[in-house]
Amino acid sequence: MHFQGQLGVPFAFQVVMEADYVDADCFSMPGPPMAVPARTFLSQLL
């Protein structure tokens, strides 16, 4: 959260390789850093 505050960005993620895909929108709600499955995060960058 320190770097997120320093940079002034609305979103911060910890991308987890071992987690299964979750059908959720990572960018729906800005806030504190959240752990996100890599497949979920990468599917939303298109």
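Residue numbers (the working numbering): 1 to 46. Glycine residues also receive a C-beta, built at the ideal position from the N, C-alpha and C atoms.
Query	Result
Do F41 and M13 come within 9 angstroms of each other at the CB atom, strictly closer than that value?	Checking the displayed sequence, the identity of residue 13 turns out to be Phe instead of Met. Yes, the pair counts as a contact, with Cβ atoms nearer than the cut-off.
Report the option in S43, P10, P37 and G5 whose CA atom is closest to the CA atom of P30.	P10
Report the partner residues of M34 according to the DSSP bridge assignment.	F13
Note down the Cα distance separating F27 from G8, rounded to an integer number of angstroms.	16 angstroms
Should D20 and P33 be called a contact, given that it needs their Cβ atoms to be closer than 9 angstroms?	no
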